[in-house]
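Scroll down for the structure; my scribbles are underneath it.
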Amino acid sequence: MHANRDLITGYLKDKLNFKGFITAGIDMVMVPNNYIEFINDLKYFVKNKFILMDRIDDAVSRILRVKFTMGLFENPIADFSKVNEPHRDIAREAVRKSLVLLKNGKQGSEPVLPLPKRASKVLVAGSHADNLGYQCGGWTIGWQGFSGNANATAIVYLMGGHRH
Numbered sequence: 064m065h066a067n068r069d070l071i072t073g074y075l076k077d078k079l080n081f082k083g084f085i086t087a088g089i090d091m092v093m094v095p096n097n098y099i100e101f102i103n104d105l106k107y108f109v110k111n112k113f114i115l116m117d118r119i120d121d122a123v124s125r126i127l128r129v130k131f132t133m134g135l136f137e138n139p140i141a142d143f144s145k146v147n148e149p150h151r152d153i154a155r156e157a158v159r160k161s162l163v164l165l166k167n168g169k170q171g172s173e174p175v176l177p178l179p180k181r182a183s184k185v186l187v188a189g190s191h192a193d194n195l196g197y198q199c200g201g202w203t204i205g206w207q208g209f210s211g212n213a214n215a216t217a218i219v220y221l222m223g224g225h226r227h
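Going by the numbering used here, the sequence shown opens with residue 64, and the numbers climb by one from there.
What follows is the structure, encoded as structure tokens:
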């Protein structure tokens, strides 16, 4: 998907006039451990016209626009006083509405969803089933997220809807 120029540039940026930046495009690359190598490679690709300077200008203007709009230059530190229960409820609702079952039955003619109301049990399996860190993913606490349940505060997790 990240390499689909028609969808990302043609549809999202041109047709829908999306002004934000896209991490899949890749408008913004976040490689904190290899940034020197990345900079050197990028200079090489621009110098040899594999990547046009117009592309760099477009990405930078999108990134800066979003950062200015968010006030990140005036207030670069997160305001944790805004982390409250109503905001957590909104975040939880967003998660509930965005969960996706990746496989819908063995055959297309044998759908799994919606689950029948008479279903008394649902199997939640796999190494990530009871691991909040893996469920939350990168940028949850640090740039690569975390593993396990120790850093989880007030998180509702998939297995049983329990709170940690």
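Where a beta carbon is used, it is the ideal one built from N, C-alpha and C, also for glycine.
What you are looking at is a predicted structure, and each value in this text was computed from that prediction instead of being measured.
Assign H227 to buried or exposed, taking buried as 16 or more other Cβ atoms, counted over all protein chains shown, within 10 Å of its Cβ.
Caution is warranted here: a pLDDT of 48 is assigned to H227, below 50, making its placement in the model unreliable, and the coordinate value is therefore given only provisionally. Within 10 angstroms of the beta-carbon of H227 lie fewer than 16 other beta-carbons, which makes it exposed.
Assigned secondary structure, D90 (DSSP; H/G/I helix, E/B strand, else coil)
coil
Rounded to the nearest angstrom, what separates E137 and R128 at their Cα positions?
13 Å
Any idea if D90 is buried or exposed, counting beta-carbon neighbours within 10 angstroms, 16 or more meaning buried?
buried
If the criterion is Cβ atoms closer than 9 Å, does the pair F108 and I114 meet it?
yes
Which of the three DSSP states, helix, strand or coil, is assigned to G73?
Correct three-state label for G73: helix.
Just checking my contact of L195 with V185 at CB under 8 Å: how many whole Å lie between their CB atoms?
About 19 Å; that fails the 8 Å criterion.
C-alpha gap between I102 and E156, whole angstroms:
39 Å
Let me confirm a value: F143 is counted as buried when at least 16 other C-beta atoms fall within 10 Å, else exposed. Which label applies?
exposed
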